[in-house]
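Start counting the sequence shown at 2; every next residue gets the next number (my numbering). Note sheet for the following structure.
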Amino acid sequence: MYYKFTCNMTCTGKGYVEADSLEDAKQKILTGCYDDIYDETDHKIAEIVAIEKDDCEQ
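Following this line, the structure appears as structure tokens:
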């Protein structure tokens, strides 16, 4: 039996950024300069918003 659901997720990002200064590092993170960002993201389900039986056969 399958159940389809919608959920809210929390996300925590950690990583390193190569930059010339603290201000430069903040700008690169905020603008998503991924050539200089090495990151790891952890997603966790915080709340199930909706869930219902799915009648599809897989």
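Ideal placement from N, C-alpha and C gives every residue a C-beta, glycine not left out.
Secondary structure note for Asp25: its alpha helix (DSSP H) is the uninterrupted segment Leu23 to Thr32. Only residues of its own chain outside the window of five on either side were considered, and among them Asp40 and Thr42 have a CB closer than 7 angstroms to the CB of Gly14, listed in chain order.
Within the same chain, no residue comes within 8 angstroms of Ser22 by CB-CB distance, once the 5 residues on both sides are set aside.
By the Cβ rule, the stretch 3-19 counts as touching the stretch 46-55, because three or more pairs are nearer than 8 angstroms. The alpha-carbon separation between Asn9 and His44 amounts to approximately 10 angstroms.
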